[in-house]
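Position in the sequence shown counted from 1, then plus 2, gives you this note's numbering.
Below: one structure, written as structure tokens.
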Amino acid sequence: MELSKTKAAVYASLSSKKMRRKHGLFLAEGEKCVVDTLGAFELESIVATRDWIATHLDLCRDWENRVLEASDTLLKKISTLSNASEVIAVFHIPEQNKILENFNDELILLLDGIQDPGNLGTIVRTADWFGVDKVIASEDTVDIYNPKAIQATMGSLKRVKVCYADLCSVINCHQSFPVYGMMLEGNDIFKTTLGQAGFIVMGNEGNGLSEDVRSLVDHPLLIPPYRDDSHGESLNVAIATAITLSTFRNH
Numbered sequence: 003m004e005l006s007k008t009k010a011a012v013y014a015s016l017s018s019k020k021m022r023r024k025h026g027l028f029l030a031e032g033e034k035c036v037v038d039t040l041g042a043f044e045l046e047s048i049v050a051t052r053d054w055i056a057t058h059l060d061l062c063r064d065w066e067n068r069v070l071e072a073s074d075t076l077l078k079k080i081s082t083l084s085n086a087s088e089v090i091a092v093f094h095i096p097e098q099n100k101i102l103e104n105f106n107d108e109l110i111l112l113l114d115g116i117q118d119p120g121n122l123g124t125i126v127r128t129a130d131w132f133g134v135d136k137v138i139a140s141e142d143t144v145d146i147y148n149p150k151a152i153q154a155t156m157g158s159l160k161r162v163k164v165c166y167a168d169l170c171s172v173i174n175c176h177q178s179f180p181v182y183g184m185m186l187e188g189n190d191i192f193k194t195t196l197g198q199a200g201f202i203v204m205g206n207e208g209n210g211l212s213e214d215v216r217s218l219v220d221h222p223l224l225i226p227p228y229r230d231d232s233h234g235e236s237l238n239v240a241i242a243t244a245i246t247l248s249t250f251r252n253h
């Protein structure tokens with residue numbers, strides 16, 4: 003079945019957060035990203051070139067009613083990548099995950115105002131690696147369904163649940179949970195006793211934690227530089243998240 007102009011126009015609009023929310027759909031671009039994401043979300047359709055379909059007949063048979071053929075030109079119009087792939091999948095955005103209701107004795111990652119979609123996707127991928135399967139982002143954090151964020155997760159959204167909420171409300175509703183916050187005024191993370199349950203809060207790329215969230219942190223932490231005379235301004239937030247989670251897991 004060929005992709006209609008009407009659907010093509012809708013899919014092309016999904017680069018916009020507003021339109022993703024309006025239609026309840028998001029894109030996964032490129033063969034690896036498509037294959038990694040299949041089964042994790044309700045599939046709307048797979049849009050691909052005739053050649054791609056011909057060389058992936060087994061996969062296309064599994065999703066036969068959802069496969070739509072499109073020209074290279076049409077795929078370029080839909081794609082958000084500089085070099086459009088031969089295949090794009092369109093998925094339904096799930097309802098807000100109910101991960102706010104019941105927390106076990108576990109580490110939960112809170113993200114306060116992350117702005118770069120690549121950073122967000124990498125953080126989700128990192129959380130997956132270290133066995134953290136719940137990520138709660140502030141309302142002003144970039145959309146996890148941004149195509150660049152989806153690409154950067156490398157399929158980890160199959161296992162890591164991401165939702166958006168007011169972080170202060172989340173923390174205040176779970177006052178028995180310790181709150182670890184990464185900040186420049188914190189204590190050396192490598193010399194601090196760390197638990198295996200609680201909130202770990204990572205802040206905005208440029209400004210760190212917001213004042214409201216900062217005021218609720220019980221345990222301020224810092225990843226110290228190797229040398230006291232280091233001239234580096236700070237660590238990238240995705241790298242800092244990886245070091246932080248590794249330290250918690252190996253403490």
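Where is the CB? At the ideal position from N, CA and C, for every residue including glycine.
Just so it is clear, the structure is predicted and the values come from calculations on it, not from any experiment.
The residues A129, V134, V137 and I202, in chain order, have a CB closer than 6 Å to that of L111 in the same chain once the five nearest residues on each side in sequence are set aside.
In the three-state reduction of the DSSP assignment, I146 falls in the coil class.
Comparing alpha-carbon positions, the option among M156, H221, D214 and K163 lying closest to F179 turns out to be H221.
Distance check between S6 and each of Y147, K19, I48 and M21 places I48 closest, using alpha-carbon atoms only. The continuous stretches of alpha helix (DSSP H) do not include L27, which lies in the beta strand (DSSP E) extending over residues L27 to E31. Only buried fits M204, as 16 or more other CB atoms lie within 10 angstroms of its CB.
L247 has its alpha-carbon roughly 22 Å from the corresponding atom of C170. Take the alpha-carbon of F43 and the one of D53: they are about 25 Å apart. With a minimum length of 4 residues, the unbroken runs of alpha helix (DSSP H) contained wholly in the segment 123-208 fall at 149-155 and 169-174. For I191, same chain residues with a beta-carbon under 6 Å away, outside a window of 5 residues either side, are L223, I225 and T249 in chain order. According to DSSP, S47 shares a beta bridge with V92. Taking the C-beta atoms as reference points, R229 is found no nearer than 8 Å to F132.
Residue pairing by DSSP puts P222 in a beta bridge opposite G183. When beta bridges are read from the DSSP output, L40 appears opposite F43.
Between the alpha carbons of S158 and V164 lies a gap of roughly 11 Å.
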